[in-house]
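In UniProt numbering, the protein residues as written are 1 to 819.
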């Protein structure tokens, strides 16, 4: 059977398919077809007007033209074509279409209301279940916990005294050294110095001197103030003379208990839901590597409160390091998963800092083929700076700076993530810090093929021999969320080297669960600006880049832009100038330096003089060497070559609602369906349409679009289709690379069941991916009328094995299933 596709072109990383046109000299194409009856009616009226004018000038020529038109129509109808040029019928069809449009819109509104009510009921049921579960858990725990929490002041002091006694007993040697050292540094170790300083003050031998650069000095100062300082016996002198099993006399133990109890309101707290004592002592005293607490924004505080109170609980799977397998399929995970909270409690109980056994501080975590060019040492944040923080003064798109790893695509995604607090805290949980319960353990959450996984890491980071972070880091050197995020993402994919080279869309999807579209800006997309405006309204995230120069890594251009470098688009604004309205885009270079666009609307360019000062202030204009700049939409199209748009689905919006209690104030959200599938040689790996004999072997998925877009008047639905291949980057160290993948869409024309080879031989696809490309995911956006379709995802060549995930987004209602 002959191939309908007769040629294939190969261009570097992608394959472009072309169809040889079959030309015929007669008749001309039918201009009176389709369902746009308004356009057809205008064409008929225009033709009649032309004939009328021609009759007034030259009746004979007009008759010839009319005869030619009649013959062309007759010929087209004889060949089976339907010519729609009857004005009465077109008018009737136009009215019928308008009536149907109103009905569909009302139906869409009704179904949307029903769906909203259904989602609200589900949310209410889930909320009630969470409340009932919390209440049941509280009923079980309250009797025991109340004995720890609801106590009188003297009893609480005794509790703290007992804790202090245990600490003193466990560290007796250090305390004695501290006592002999007079409470100053160097006498008996870090812990002994502090306790020694306190007891020295109690005994009247001297003030507490060990301020430890602001880490433990705070509590010493407060307790010293309570005691009364130097040779004074202090407020709590006295006590019994009997010796107990806590090494010191009962009076001294009571004394320490009273002192710590009085200061506990500032340094310690009791979690009302677990009864556990929490506070700076856990991190700063036990390990002396803690720092300052997080500076959360308003949304971060709300989310943290909802997590602690039990109002929000996220269903995530613990990540387990995968092991490669010789055959296609998901990597095998043989080890037991690590629960962040259990492991952190265990570390605090055992007084040890966490060390990740699955992502150790050695060269295997750094690379799998090419070692770094300089020596590396692994340091914890408390060994790098004096006061580490996970998040300093909130977070912004200016936080992230690229290091010596080629993962600017990850930087661009992280910069986009900081634009939305509700997205940021889904990846960086706010219930962790360098103060409360610090034990050298952190966790981050990523989306992986339809599910969220919790990646637990220790906080040992690769540094130069001078003690500086080598890779991704924050502009504020005391802030470590970005460096730890990069480490968690490296663990997810096997090593830091596995992060070299990628697309912003891949990282955005892993951090949001969204679906990313890819556009070639050299092939001007119709209504691109309107699509971007609509995307910003719906909460989409954007990235862009220029095609890389194969001979130069990240080549710098005279206009200030960099080839092969991932940028993030952080804002859009239409401004009014003396020359009319100008759409502007705010773009950021993840390097965060002076390497910026230097053309029109760049920093300090003359174009800004056309805008009033209050508008520039409202735009947050800041002419600093921070990597961020503005440029016009037209310059953006002329200078950038790739655009990536990450669309957020309804599941993302629903979880944001659960996290914050606030419904997103966005426009219409997408409806989405997803399916998991695989290509297996000899069974379901049929290759692309070029290979007609095996093409029907591929998995097939039926899609029913039942409603058109209510925001348009063309009776069409907006559909985004994406095919993502799984597990390829995770197994990159084994030599596995991405396959060239794509998809085709066919109208079923009433055909039930799986489409056959004969069907494909006689039917052209109505939509398809732009090319077969060896990216993790290939996407396409289409405008299609309501109806039944079949989607066929495939590799370019038959027999290539792998696993994939099919996702479909539409702005109407959708039903889909595997055939």
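The beta-carbon is built from N, C-alpha and C at its ideal position, and this holds for glycine as well.
Could you check if residue 540 belongs to the surroundings of the ligand FAD, using beta carbon to heavy atom distance under 7 Å?
You won't find the ligand FAD in this model; it holds no ligand whatsoever.
Rounded C-alpha distance that separates residue 658 from residue 759
Numbered from 1 along the chain shown, position 658 holds the residue referred to as residue 658. Numbered from 1 along the chain shown, position 759 holds the residue referred to as residue 759. Distance from the CA of residue 658 to the CA of residue 759, rounded to the nearest whole angstrom, comes to 47 Å.
Using a Cβ-Cβ cut-off of 7 Å (strictly less than) and excluding sequence neighbours within five positions of residue 522, which residues of its own chain qualify?
The residue labelled residue 522 in the question sits at position 522 within the chain shown. 641, listed in sequence order.
Does the separation of the CB atoms of residue 73 and residue 83 fall below 8 Å?
Here residue 73 refers to the residue found at position 73 of the chain shown. Here residue 83 refers to the residue found at position 83 of the chain shown. Contact annotation: residue 73 and residue 83 have beta-carbon atoms nearer than 8 Å.
Determine which residues share a DSSP beta bridge with residue 717 and list them.
Translated into positions along the chain shown, residue 717 becomes position 717. 784, per the DSSP bridge assignment.
Same chain, Cβ closer than 8 Å to residue 671, neighbours up to 5 away in sequence not counted
For the purposes of this step, residue 671 is identified with residue 671 of the chain shown, where counting begins at 1. The answer, listed in chain order, is 650, 809, 810, 811, 812, 813, 814.
Residue 617 (DSSP reduced to helix, strand or coil):
Reading the chain shown from its first residue, position 617 is the one you call residue 617. Residue 617: helix per DSSP, three-state reduction.
Whole angstroms is fine: what's the gap from residue 57's alpha carbon to residue 754's?
For the purposes of this step, residue 57 is taken as residue 57 along the chain shown, with counting starting at 1. For the purposes of this step, residue 754 is taken as residue 754 along the chain shown, with counting starting at 1. If you take the alpha carbons of residue 57 and residue 754, they lie about 60 Å apart.
Beta bridge counterpart(s) of residue 705 as assigned by DSSP
Here residue 705 refers to the residue found at position 705 of the chain shown. Partner(s): 787, 814.
At the level of alpha carbons, what is the spacing between residue 483 and residue 402?
Mapped onto the chain shown, residue 483 falls at position 483. Mapped onto the chain shown, residue 402 falls at position 402. As the crow flies, the alpha-carbon of residue 483 is around 10 Å from that of residue 402.
My guess is that residue 379 and residue 467 are in contact by the Cβ rule of under 8 Å, so how many angstroms apart are they, rounded?
Here the question's residue 379 lines up with position 379 in the chain shown. Here the question's residue 467 lines up with position 467 in the chain shown. Residue 379 to residue 467, Cβ: 6 Å. Contact.
What are the boundary residues of the alpha helix (DSSP H) that includes residue 535?
Here residue 535 refers to the residue found at position 535 when the chain shown is read from its first residue. From DSSP, the alpha helix (DSSP H) with residue 535 extends over 528-537.
Relative to the alpha-carbon of residue 349, which residue among 439, 360, 308, 317 has its alpha-carbon at the smallest distance?
Here residue 349 is taken as the residue at index 349 of the chain shown, counted from 1. Taking the Cα of residue 349 as reference, the smallest distance to any Cα among 439, 360, 308, 317 is reached at 439.
Separation of residue 428 from residue 586, as counted between CA atoms
Position 586 of the chain shown, counted from the start, is the residue given in the question as residue 586. Position 428 of the chain shown, counted from the start, is the residue given in the question as residue 428. Here the alpha carbons of residue 428 and residue 586 stand approximately 25 Å from one another.
Quick check on residue 458: does DSSP put it in helix, strand or coil?
The residue labelled residue 458 in the question sits at position 458 within the chain shown. In the structure shown, residue 458 adopts extended strand secondary structure according to DSSP, grouped into three states.
Is it buried or exposed, residue 45, if we count other Cβ atoms within 10 angstroms and call 16 or more buried?
Position 45 of the chain shown, counted from the start, is the residue given in the question as residue 45. With fewer than 16 other beta carbons inside 10 angstroms of its own, residue 45 counts as exposed.
So the beta strand (DSSP E) residue 578 belongs to, where does it begin and stop?
On the chain shown, position 578 is the one that residue 578 refers to. Where residue 578 is concerned, there is no enclosing beta strand (DSSP E), because DSSP gives it neither an H nor an E.
For the beta strand (DSSP E) that contains residue 441, what are its first and last residues?
Looking up residue 441 in the chain shown gives position 441. Counting along the chain, the beta strand (DSSP E) containing residue 441 begins and ends at 441-448.
If you run the structure through DSSP and keep just helix, strand and coil, what is residue 141?
Looking up residue 141 in the chain shown gives position 141. Residue confidence for residue 141 is low, a pLDDT of 49 falling below 50, so the modelled location carries little weight; the figure read from the coordinates is stated next. In this structure, residue 141 counts as helix in the three-state DSSP scheme.
Residue 645 - DSSP class collapsed to helix/strand/coil:
Mapped onto the chain shown, residue 645 falls at position 645. Note: residue 645 maps to strand in three-state DSSP.
Where does residue 669 fall in DSSP's three states?
Residue 669 sits at position 669 when you count from the first residue of the chain shown. The answer is coil: DSSP assigns residue 669 none of H, G, I, E or B.
Take residue 684 as the anchor and find which of 749, 802, 739 has the nearest alpha-carbon.
If you number the chain shown from 1, residue 684 lands on position 684. Of the candidates 749, 802, 739, the residue whose Cα lies closest to the Cα of residue 684 is 802.
In the DSSP assignment, find the unbroken alpha helix (DSSP H) run with residue 746 in it and report its ends.
Taking the chain shown and counting its residues from 1, one reaches residue 746 at position 746. Premise fails: residue 746 lies in the beta strand (DSSP E), 741-747, not in any alpha helix (DSSP H).
Going straight from the alpha carbon of residue 488 to that of residue 700, what length do you get?
Position 488 of the chain shown, counted from the start, is the residue given in the question as residue 488. Position 700 of the chain shown, counted from the start, is the residue given in the question as residue 700. For residue 488 and residue 700, the gap between their C-alpha atoms comes out near 36 Å.
Neighbourhood of residue 491 by C-beta distance below 8 Å, restricted to the same chain and skipping five residues each side:
Taking the chain shown and counting its residues from 1, the one referred to as residue 491 is at position 491. Only 319, 321, 356, 358, 359, 365, 455, 457 meet the Cβ criterion.
Beta carbon of residue 722 nearer than 8 Å to that of residue 795:
Here residue 722 refers to the residue found at position 722 of the chain shown. Here residue 795 refers to the residue found at position 795 of the chain shown. Their beta carbons are not under 8 Å apart, which means residue 722 does not touch residue 795 by this criterion.
Selected residue, minimal CA-CA separation from residue 369, among 800, 733, 789, 777:
Within the chain shown, residue 369 is the residue found at index 369, counting from 1. Sorting 800, 733, 789, 777 by C-alpha distance to the C-alpha of residue 369 places 733 at the top.
Where do the N-terminal and C-terminal ends of the alpha helix (DSSP H) with residue 632 fall, by residue?
Start at 1 with the first residue of the chain shown, and residue 632 comes out as number 632. Note, residue 632: premise wrong, no alpha helix (DSSP H); beta strand (DSSP E) at 628-632.
If you drop the 5 nearest sequence neighbours on each side, which residues of the same chain put their C-beta closer than 8 Å to that of residue 717?
Counting from 1 along the chain shown, the entry for residue 717 is found at position 717. Closer than 8 Å at Cβ, skipping near neighbours: 705, 707, 708, 709, 783, 784, 785, 786, 810, 811, 812.
Sufficient close CB pairs (3 or more, under 8 Å) joining the region 412-422 to the region 507-520:
Look at the beta carbons and you see the region 412-422 touching the region 507-520: at least three pairs across the two are nearer than 8 Å.
Tell me which residue opens and which closes the alpha helix (DSSP H) that residue 755 is part of.
Reading the chain shown from its first residue, position 755 is the one you call residue 755. Taken as a continuous stretch (DSSP letters only), residue 755 belongs to no alpha helix (DSSP H), as it is neither H nor E.
Opening and closing residue of the alpha helix (DSSP H) in which residue 516 lies
As a first step, residue 516 must be located in the chain shown, where it is residue number 516. Per DSSP, residue 516 belongs to no alpha helix (DSSP H); it is in the beta strand (DSSP E), 515-520.
Does the contact criterion of 3 or more C-beta pairs under 8 Å hold for the region 560-572 versus the region 673-688?
With the cut-off at 8 Å, the region 560-572 and the region 673-688 do not touch.
Ordered list of beta strand (DSSP E) runs contained in the region 329-379, each at least 3 residues:
Counting only runs of 3 or more, we get 377-379.
Presumed contact (8 Å Cβ cut-off) between residue 644 and residue 505, rounded CB distance
Taking the chain shown and counting its residues from 1, one reaches residue 644 at position 644. Taking the chain shown and counting its residues from 1, one reaches residue 505 at position 505. Contact flag correct, Cβ pair sits at about 4 Å.
Residue 599: first and last residue of the uninterrupted alpha helix (DSSP H) it sits in:
Position 599 of the chain shown, counting from 1, holds the residue named residue 599. Per DSSP, residue 599 lies in no alpha helix (DSSP H) segment and is marked neither H nor E.
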